[in-house]
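**Student:** First, the structure itself, so that you have it in front of you.
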Amino acid sequence: MNDIRKTQALATWEKLFSHPEIRMDAEEQYEALLHLADEFEDQGFISSQERGRLIEKATALYARSIEGIGEGT
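With numbering that gives the first Met the number 0, the residue at position 12 of the sequence shown is 11, and numbering never jumps.
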């Protein structure tokens, strides 16, 4: 596994995690984060355990993002 490519891949994931694209809602951000995690594992940049940690982190962010939606003001 190339450490430079792994570092770049994880930096890309963290950037999207911290700063979603303009007009990207929580669901779109979540799906994009999951897609990147899958892609990085498929390409051999990260292990399945690392992929699992990224998915857990993305899921927690998504849950916080939608918490309270639909409960009114």
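Virtual Cβ for every residue (Gly too), placed ideally from N, Cα, C.
Given that a residue counts as buried once 16 or more other Cβ atoms are within 10 Å of its Cβ, and exposed if not, what is glutamine 48?
**Tutor:** Classification for glutamine 48: exposed.
**Student:** Do the region 57 to 69 and the region 39 to 46 make contact, defined as three or more Cβ pairs closer than 8 angstroms?
**Tutor:** The answer is no - the region 39 to 46 does not touch the region 57 to 69, with fewer than three Cβ pairs under 8 angstroms.
**Student:** For arginine 4, count neighbouring C-beta atoms within 10 Å of its own C-beta (all shown protein chains included) and say buried if the count is 16 or more, exposed if not.
**Tutor:** Exposed, because fewer than 16 other Cβ atoms sit within 10 Å of the Cβ of arginine 4.
**Student:** First and last residue of the alpha helix (DSSP H) that includes glycine 51?
**Tutor:** 47 to 65 is the span of the alpha helix (DSSP H), which, as asked, contains glycine 51.
**Student:** Check the Cβ-Cβ distances between isoleucine 21 and every residue of chain D, and say whether any is below 8 angstroms.
**Tutor:** Absent from the structure: chain D. Only one protein chain is present.
**Student:** Whole angstroms is fine: what's the gap from phenylalanine 39's alpha carbon to alanine 25's?
**Tutor:** If I take the Cα positions, the gap works out to 21 angstroms.
**Student:** Under the three-state reduction of DSSP, which class applies to phenylalanine 39: helix, strand or coil?
**Tutor:** If DSSP states are grouped into helix, strand and coil, phenylalanine 39 belongs with the helices.
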